[in-house]
Amino acid sequence: MGFLFTRGGLREGAGRKSTGVTKKVSLTLSEDVWQEIEQACADQNASRSQVFRNIIEAYFVKESKES
4 MGFLFTRGGL REGAGRKSTG VTKKVSLTLS EDVWQEIEQA CADQNASRSQ VFRNIIEAYF
64 VKESKES
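Using the numbering used here, the first residue of the sequence shown is number 4, and each one after it goes up by one.
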């Protein structure tokens, strides 16, 4: 028996806005570094993605100021 959905579904402009292009990466880090990342996530109440994004953006801001 099929269901006919009359509510919900895709709506233009609905949902969370993108923060940019998504590209998946794999990292190999020491256990100590992973613990630091996990602690930063807890301290900032942030996801790993957000913590890595903050670290990377801070690096590039610093680099651009030094140039």
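C-beta: ideal position from N, C-alpha, C; glycine also.
Check: Going by CA-CA distance only, name the one from Lys68, Ser70, Glu15, Leu30 that's closest to Arg51.; Outcome: Leu30
Check: Indicate the three-state DSSP secondary structure (helix, strand or coil) for Ser33 in the structure shown.; Outcome: coil
Check: Leaving out the 5 sequence neighbours to the left and right, which residues in its chain are closer than 7 Å to Thr40 when beta-carbon positions are compared?; Outcome: In the sequence as presented, Thr is not what sits at residue 40; that position holds Ile. Same-chain partners within the cutoff: Arg51, Val54.
Check: Just the C-alpha distance for Thr22 and Ile59, rounded to the nearest angstrom, thanks.; Outcome: 14 Å
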